Amino acid sequence: RHPGRVSHLIIVGGYARGVLHRDNLEEQRESLALSRALVRGGWGSSEESYRQFFTSQFIPDGTPEQHHSLNEMARVAATPEMAEKYLTETADINVTDLLPKVKTPTLILHGRGDRRVPFCLGQEIAANIPGAKFVPLETNNHVLMADEPATRTMFDSIADFLGEKRFRGPLPGAATISQRLEQRAKAIEQNWVIKILIILAAIAGLVIAIIQVW
């Protein structure tokens, strides 16, 4: 409505059609009904499994700690009533007829394996906005994690699109070099501990077998 107020448009993981305006309508309706039932049943409870259904779509490649964090964030960010209202409203969105009218320079970024919003929906936006630039992101996450390579691609693409200097150094929220080395050392240490335990268990089993034979 006010293109003069917008110099650049950047869309990450977006869509122009909600689930009620996509293919396989009956299947989409059943999926929406399931989502609404999960929200009503346990969104505000201490049981994370209700919210984990959504979290596993937003950050399927996230760590258990990141899943727990997003589960808690979802619980405190909205009441069950508001969360369900959000689902029903966004499901009925359809702005495909407006896409060709967008004249603002537009950048669309979308994860190839996005589990929440299919990759093809990002392509659809880019194909219908005149002159839009589309950048695929090599990720399965809808919400990008700071440490994954796709996040660097996103930052660089946005900087280039805006004509700004690319951000150098660790991205906000990413682990520092010392933290990454510490994590790697801990993983190696844990790995060797497991191997030693397996070897000791095998030796113990062999000793027991020899004693029984004797």
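In this text, residue positions in the sequence shown follow my numbering: the first is 8, and each later residue adds one.
Glycine included, each C-beta is placed from N, C-alpha and C at the ideal position.
Only a predicted model underlies this, so the values are computations on that prediction, with no experimental measurement involved.
Can you tell me where the beta strand (DSSP E) holding residue i begins and where it ends?
| i | result |
| --- | --- |
| P143 | K140 to L144 |
| V13 | Per DSSP, V13 belongs to no beta strand (DSSP E) and is neither H nor E. |
For residue i, would you say it is in contact with chain D, using Cβ-to-Cβ distances shorter than 7 Å as the test?
| i | result |
| --- | --- |
| M80 | Of the protein chains in this structure there is only one, and it is not chain D. |
Going straight from the alpha carbon of residue i to that of residue j, what length do you get?
| i | j | result |
| --- | --- | --- |
| T146 | H15 | 24 Å |
| I66 | I218 | 52 Å |
| D163 | I17 | 13 Å |
| G25 | G180 | 31 Å |
| G2 | I132 | Because residue 2 is not part of the residues shown, which for the chain are 8 to 221, the question remains open. |
| L128 | I210 | 57 Å |
| S230 | L116 | The structure shown does not extend to residue 230, since the chain is modelled only from 8 through 221, so no value can be given for it. |
| H74 | L45 | 17 Å |
| I206 | H28 | 58 Å |
| D30 | G120 | 18 Å |
| L41 | L151 | 25 Å |
| F168 | M161 | 10 Å |
| Y93 | A208 | 54 Å |
| L39 | P143 | 27 Å |
| V83 | A98 | 22 Å |
| E88 | Q130 | 32 Å |
| G49 | E33 | 25 Å |
| G11 | S76 | 39 Å |
| I100 | I165 | 26 Å |
| V13 | E54 | 42 Å |
Could you give the first and the last residue of the continuous alpha helix (DSSP H) run that contains residue i?
| i | result |
| --- | --- |
| G48 | L32 to G49 |
| I66 | Careful: I66 lies outside any alpha helix (DSSP H) and carries neither H nor E. |
| L169 | P156 to L169 |
| L128 | F126 to N135 |
Give the C-beta separation of residue i and residue j to the nearest angstrom, bearing in mind that I take them to be a contact with Cβ-Cβ under 8 Å.
| i | j | result |
| --- | --- | --- |
| A153 | L178 | 5 Å |
| F61 | A85 | Contact flag wrong, Cβ pair sits at about 11 Å. |
| E91 | R47 | 6 Å |
| H149 | Q64 | 7 Å |
Review point. Which ranges would you report for the beta strand (DSSP E) in the stretch 85 to 118 if only whole runs of at least 3 residues count?
Key: If we require 3 residues or more, the beta strand (DSSP E) runs fully inside the stretch 85 to 118 come out as 113 to 118.
Exercise for review: Count the CB pairs spanning the stretch 130 to 148 and the stretch 103 to 113 that are closer than 8 Å, and state whether there are at least three.
Suggested key: Touching, yes, given that three or more Cβ pairs across the two stretches are closer than 8 Å.
Review point. Is the stretch 21 to 36 in contact with the stretch 120 to 134, if contact means three or more CB pairs nearer than 8 Å?
Key: Contact check between the stretch 21 to 36 and the stretch 120 to 134: three or more CB pairs, one atom from each, fall below 8 Å, which counts as touching.
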